[in-house]
Amino acid sequence: MKAINRRQAFALGGGFVMLTLMPMAADAEVTGDAAKWIEKFTGGKQPVKGKISLDLPEIAENGNTVPLSLTVESPMTADSYVKEVMILADGNPNAGVATLMFTPLSGKAEASIRIRLATTQNVVAVAKMSDGSLFSEQKTVKVTIGGCGG
């Protein structure tokens, strides 16, 4: 395995973040329905609750910029790590918010982003592990001023 320097790691990480946070609207099969997004992401398997910690405000005064932090419990070794985490907002016109990808080199499976929420709704995170197991977590956020044109 070729070693990379710090500058290359930052460049790769920045490009990776940009790609994973791009809108998922291009996938017309699942647009707008969170259940369909989850089914496509999991391949029809049912995720179990656990391992994901979602930190969101209970009340978001402005839906345009809602802070979200998540952590997934994992040793992040070559044998056991988090591969992907999909974040959905079931009340938005387009349920897909972001898909975050991790590798054992990530060190920890955690991220902090800001999301846009149209109305009061559930925010769902689904994690796909390297062994194929699936975990989910859900939190309800009350939005006073919608962020998707509301």
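In mature numbering (1 follows the signal peptide of the UniProt record, and there is no 0), the protein residues as written are -28 to -1, 1 to 122.
Even glycine gets a Cβ: it sits at the ideal position worked out from N, Cα and C.
As the structure is a computational prediction, the values presented were derived from the model and not from experiment.
- Assigned with DSSP and collapsed to three states, S102 falls in coil, not helix or strand.
- Taking 7 Å as the cut-off, the Cβ atoms of M58 and V98 count as close.
- DSSP places A7 within a helical segment (H, G or I) once states are collapsed to three.
- The Cβ atoms of K23 and E56 do not sit closer than 7 Å to each other.
- By the neighbour-count definition (other C-beta atoms within 10 Å, threshold 16), S84 is an exposed residue.
- Boundaries of the beta strand (DSSP E) around P39: V38 to V44.
- Leaving aside the five residues that flank K114 on each side, the residues in its chain whose CB is nearer than 8 Å to its CB run, in chain order, E30, I31, A32 and T92.
- For the 7 Å CB-CB criterion, M48 and P19 do not form a contact.
- Here the C-alpha atom of A7 lies approximately 17 Å from the C-alpha atom of L89.
- Counting C-beta atoms within 10 angstroms of its own C-beta, S25 has fewer than 16 neighbours from the protein chains shown and is therefore classed as exposed.
- CA-CA distance, S52 to S105, rounds to 11 Å.
- G68 is a Cβ neighbour of W9, given a cutoff of 7 Å.
- Note on S41: under 16 other CB atoms within 10 angstroms of its CB, so exposed under the neighbour-count rule.
- The alpha carbon of A50 has as its nearest neighbour, out of G15, D103, T14 and T37, the alpha carbon of D103.
- In the structure shown, R86 falls within a strand segment according to DSSP collapsed to helix, strand and coil.
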